[in-house]
Structures are given as C-alpha cells and as structure tokens.
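First comes the structure, then the notes that go with it.
Number of protein chains: 2
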Amino acid sequence: MYVKIKRKQYAVGVDIGGTKILLLITDALGNVIYKRKVDSSGDLSVICEMIDSATKEANIAKHEIIGMTIGVPGDVNSIDGIVRSSIQMGWKDINIKEYISSRFCFPVDIKNDVNLAALGERWIGNGRNSDHLIYISIGTGLGGAIIANGRLIEGSTYSAGEFGYIIDKDDINRGVMNGLDQFGSLEKRISGNTLNEKAQKIGLSSKELFVEYNNGNDAAKEIIDCFVRELSVVIANLVSILNPEYVIIGGGVSESMDCIQDLIVDYVKSLTIFSTEIRLSKLGGDAGAFGCIYNVLYQINDSSRIPDSASRG
Amino acid sequence: MYVKIKRKQYAVGVDIGGTKILLLITDALGNVIYKRKVDSSGDLSVICEMIDSATKEANIAKHEIIGMTIGVPGDVNSIDGIVRSSIQMGWKDINIKEYISSRFCFPVDIKNDVNLAALGERWIGNGRNSDHLIYISIGTGLGGAIIANGRLIEGSTYSAGEFGYIIDKDDINRGVMNGLDQFGSLEKRISGNTLNEKAQKIGLSSKELFVEYNNGNDAAKEIIDCFVRELSVVIANLVSILNPEYVIIGGGVSESMDCIQDLIVDYVKSLTIFSTEIRLSKLGGDAGAFGCIYNVLYQINDSSRIPDSASRG
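Chains as they are written, first to last, in numbering that gives the first Met the number 0: chain A, 0 to 312; chain B, 0 to 312.
Take a look at the structure:
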C-alpha cells in the first residue's frame, strides 16, 4: 500500500481536531507513505513530539521534508500562523507557526482546517480541478470554504467561509444572535450537535436518525425534512452569490447524507436560477490532511494560485 | 475641464443602461477627456454610431484607442461577450462582442455593468485598492459584485454576485420564488422598484420617502425601517460568508441613503461577529463607466489580477 519512490522529498500534513490528529506523509508526487490517527492534544510540545515520531516511523530524515502544513479548527490568521481562537483546542491568540517552526528545520504553514479540506477535495476529491467550488463541512458544528478563480478565498482577515454565522429573520425574531466563540446562528439550526440533540429527544443517535428516516419513521422524517430545508436554502443562496461549479458537503454528518442528497439537489434547484453540482465529500475525514499535503506541494511558496491536479489522482 | 495630455493613447468606456448610455474616454493615465450621457438604444448599430461620434467629438483617431469595455445590465458571458439575457435592453443570446468588434479596429470587452461598477469603485471610488470588497447596487433592481484576492469573482458561468436572488424562508412560505428573467426574491423585498411601490401607497416618491423619514413621518419610517432591516441581514450574511474589507452600496437609491447609513452600520454589527466598513458609493452613476476604463487600462490583457490604483487617483 505504501509506495516509496526514489525521489527523497516529502510533505507532511497534520490535521488537528478536537479529539484526533491525522498525520500524513507523502512523497513529492503526493503518494502516501505514512498515515496515522492519534489522540489529540492541546499541548504544542506533545504535537511536535508526534510529528517527530511520525517522521522517524516513516524512516524520513528532516532535511528530506519540503514542508509541513497544519490544519487547525477555528479562527486562524494563515499568514502569521496565529490561532486567534480555537475553542476545540483551547487556544487563543497563540502563534502556532512560530512555536512549531522553531522546532523543525522545514517550512511550516498553518491554516483553517475547513479551508484545507476544500483544497483536498479540489485536488483529489469530488471537486477535482474546479476553479469555482464551495465546501460545506457539517461536523459537530458547521464550517465552510470558498474556492473562486482557482484560489482559496480567505477574506480580508482570513475569516471568509464562516457559513455557520449566516443569520435569518427567524433567528433574529427568536433572539438567536451571533456571538464570539459561540456556535453561529445557522450552526444552531444545522450541525451535528443540533441533529444529535433533536435525535436524542426521540431516543436516537444522529446516525440512527438517518436510518430511521429511511425506515419511514415520522418523527425522524420531521427532523430530517427540516434539516434538508434549512441546508438547501443556504446552499441555494451561496450558489446565487458565488456561482460555484460544485458544492461539496463534507464533515461527519455528510457520511449519513447519501439518502437525502437527491432531495437537497431538487430543493436547491427550486430555490435558485443558477445551476451547480452538489456532491458529498469523497475524502471524508482525510480531506483536511490531503489539503495540508496539497498546500505543501503546490502552495507553500505561492499562496495565490491553485494549479490543476498533480499526477497522483 | 478636459485635460488632454501628450501621450496619444486612449481608453473608451461605454456603460449601457436601460434609459441612458454613459460614454467616457480617458487618456492612458485615466484622465477624462470626454464624457457624455445620451439616450439609450437597444439597436447595436445605433450604439456603434454613438461610439463613433464620441471619438470624433473627442478628436481621437481610432488607432489611438487601446481598447473599449462595454458594460451591459443583465446576464453576460464576459469571456465570449455574449449577452445571454438583458431584460432592460431586450437582448437575449446576442454576441455583442463579435458585432461591435467587427465595427472597430481596437479590442472590445463586454462585462456585466455591476461588476464594472465594483471595479470603478475599487479603482478611484470608495473601495480604493482593497483586495476584498463587496459592491451592492440598489437601483431599479438589486445587483452585486464581489472582489476577492484582488480579483473580480465572476463564478463558473459569470453569474456570481447575483444577490437579488437571495431567498429566505419567508419568501418560500409566501411563495415568492426565483424565476428566470424575473426580479429575484430579495429584489422583490429590496430595490428601487419596491421602495417606489411602497412610497406610492402613501402618496410619495421614493426620494420623498427618505425626506419624510427624516421629518419623522411614521408611515415613511415604517417602510425605511423595513428596508434597513432587510438590507442589514443581507450585508451581515455577505460579511460572514466573504469577510470583505469594504461593503460599498451604489445604485440610484444609495444617493438618498446618507440618513440611514449609520443605522445600517449598527444593525450589521449586531448581526455578524466579523467587522467590515460599509460605505456609500463615491462615483455614483459614473462607477460603471470608470470600471470600463479600468478594465481597458489594466485588465484587457490580463483578466486575472487587479493592480493597485493608477496614478490618476
């Protein structure tokens, strides 16, 4: 499974999550030579040790590493490498790039994990090569990323794509406002968390919710129908605003969404005059780590242009 | 007023509207040497004659013209120069670029008029130099444009920025859906047209509506408050989605909006956690034509990158 090629140049991707960290090492062509999921830690020195162990296990010398990109959940200044706020990791205003760079001899880049997942999906996932795509991540919360003109749209302070903060008049009327370091208004309507809460009220887990929906359970149907409606309105508006070729839905919840994909496609079609192709994530939980690798191989020295897929595919 | 400099190279901008056409000719530095507003026509040969007359009046030889950009209201494929649909001009699937190019010896470029207005505002208006801005045009209808990473975001089929098609659950519940060649759902809530209709019901024009609002007229206040609320929700969501440095509001209605700008700023601040600066258009009705000139001088041979302002300022 691990194909080691002669050219001794490697890229390291580290996708940090609240519970797990995915470590990925590939050669310069993007062939995976090491992949491991480990328990997460908010302690940067522990993370550095994990990275160190990974390179040793993969039998790679540090000077053979072209660079490393690290994905962090939360609000990240991707130029300075400062994590302004990551609730999941308990980090606030920490210069991760500076700390980790001081421990290794290769270039280190830090980005928002959902933005990296979008790059991963564009590279070797379901948004392959498209210059215009939107990625929506429905996990515990709801995040997003935008690629337009072949480039990641990070916005003026690297906060673009925060779809979870989309608000509507219902939210305002109910007083469900957006606040710093809180779930956003849309996130309170659509997220794994919200689905879980609703599922628990009828004695189910959120995975069982989708199974029961397929079995024709009325209570499950009501919850899922509401989820489909809310999500479709958001997708339709993003399509009218950004005219993407693809909308890719990733994150943990997307793994159960096969059964409602057609419903969403049809509903979105009824809400916007612009066409798009709605796809579920191909890479699943690996999207972020592959985005890290992509960032090392193709972007670390050029934060602007996303080239077409590498030969790896 | 018309300063003619020695360097004999000129740019032509033609902003076509439903009632008027604005013709602008500048030198290579962007200094205006000719500007005229004439009655509009849907007849392309008449438009070509207008352009011809303008260059003669400005005393310019055709070979001195670097290029011409034409702004068209509606759905424009800006690469092929095909106007897929322009209700205002009565055009459908017409290759404007091909027709007009065949009549002149210089390069011709066709773009959506609101996208050009955004370029104009970025260049010498209120979005000066920003790489991340949103432009909202509230005229008869409602249109928009996005600049991100210093480039116009046109989307996969050149339809990005169509904020007028944003829909919410209220629209859906009331059956106010989006349809081809119709006002969009949001456009039916926020536009000059809608303001006019509401104003007429209380015996006012839409301009008088803002005056009466300032005079404390309760009926006018109700209409304007609703306008402020609807617009602020849209701006807040665009800010959460795109994280722009500036949001610029242009179009005819914006000329009356001084008195509610602070209200909008405050309301938007309460709806999103991300900051932005909300400004009214500086160039007003000239924004589109200046965007045409900008497109000729800086983009016609590079549709990708928007450089910083020219010396003209």
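Cβ coordinates follow ideal geometry from the N, Cα and C atoms, glycine included.
Residues of the same chain with a CB within less than 6 Å of the CB of Arg-102 of chain B, apart from the 5 flanking positions on each side, are Cys-47 in chain order.
A residue is called buried once 16 or more other Cβ atoms fall within 10 Å of its Cβ, and Gly-89 of chain B, having fewer, is exposed. Going by C-alpha positions, Lys-61 of chain A is about 60 Å away from Gly-138 of chain B. In the structure shown, Glu-120 of chain A adopts helical secondary structure according to DSSP, grouped into three states. Just measuring C-alpha positions, the residue of B:Gly-178, B:Leu-282, B:Ile-145 and B:Ile-95 sitting nearest Val-238 of chain B is B:Ile-145. Secondary structure of Arg-102 of chain A (DSSP, three-state): coil.
Under a 10 Å Cβ-count criterion, Asp-261 of chain A is classified as exposed, with fewer than 16 other Cβ atoms of the shown protein chains found around its own Cβ.
Excluding its 5 nearest sequence neighbours in each direction, Asn-242 of chain B has C-beta neighbours in its own chain below 6 Å: Phe-273, listed in chain order. For Ile-171 of chain A, the enclosing alpha helix (DSSP H) starts and ends at 168-173. Between Ala-144 of chain B and chain A, the shortest Cβ-Cβ separation is not below 7 Å. Take Tyr-212 of chain B, set aside five residues on each side of it, and the residues of its chain with a beta-carbon closer than 6 Å to its own are Ala-219, Lys-220 and Ile-223, in chain order.
Counting the other Cβ atoms within 10 Å of the Cβ of Ile-93 of chain A gives 16 or more, which makes it buried. Boundaries for Gly-249 of chain A: no alpha helix (DSSP H) harbours it, while the beta strand (DSSP E) harbouring it runs 245-249, taken from the DSSP string. Straight through space, the alpha carbons of Ile-152 of chain B and Ser-190 of chain A are spaced by roughly 28 Å.
At the C-beta level, Leu-132 of chain A and Gly-126 of chain A come within 7 Å of one another. Counted as a single uninterrupted DSSP element, the beta strand (DSSP E) harbouring Met-67 of chain B occupies residues 64-71.
A direct Cα-to-Cα measurement between Glu-63 of chain B and Ala-10 of chain B gives close to 9 Å. By the neighbour-count definition (other C-beta atoms within 10 Å, threshold 16), Gln-298 of chain A is a buried residue.
Judged by DSSP secondary structure, Arg-228 of chain B falls outside any beta strand (DSSP E) and instead within the alpha helix (DSSP H) spanning 217-241. Under the DSSP assignment, Asn-213 of chain A falls in the alpha helix (DSSP H) whose first and last residues are 205-213.
For Arg-35 of chain B, the beta-bridge partners assigned by DSSP are B:Leu-22. Closer than 7 Å to the CB of Ile-272 of chain B there is at least one CB belonging to chain A. Around the Cβ of Cys-291 of chain A, a 10 Å sphere holds 16 or more other Cβ atoms; the residue is buried. Between Leu-115 of chain A and Gly-287 of chain A, the gap from beta carbon to beta carbon is short of 7 Å. Rounded to whole angstroms, the gap between the alpha carbons of Ile-234 of chain A and Glu-186 of chain A is 14 Å.
Chain-order list of chain A residues neighbouring Glu-244 of chain B: Gly-154, Ser-155 and Thr-156, by C-beta distance under 9 Å. Between Ser-255 of chain B and Lys-206 of chain B, the beta carbon gap of about 6 Å places them in contact (Cβ cut-off 8 Å). Residue state for Gly-80 of chain B is assigned as coil, using DSSP reduced to three classes.
For Asp-167 of chain B, at least one C-beta of chain A is nearer than 7 Å to its own C-beta. Shown here, Tyr-157 of chain B sits in coil according to DSSP, grouped into three states, outside any helix or strand.
Counting C-beta pairs with one atom in each stretch, the stretch 13-24 of chain B and the stretch 96-112 of chain A have fewer than three that are closer than 8 Å, which means they do not touch.
In the structure shown, Lys-91 of chain B falls within a strand segment according to DSSP collapsed to helix, strand and coil. Counting only the Cα atoms, Val-113 of chain A lies some 21 Å from Gly-154 of chain B. Sixteen is the threshold: when 16 or more other Cβ atoms of the shown chains lie within 10 Å of the Cβ of Leu-23 of chain A, as they do, the residue is buried. In this model, Ser-129 of chain A and Arg-121 of chain A are separated by some 6 Å (Cα to Cα).
Straight through space, the alpha carbons of Gly-183 of chain A and Tyr-164 of chain A are spaced by roughly 4 Å.
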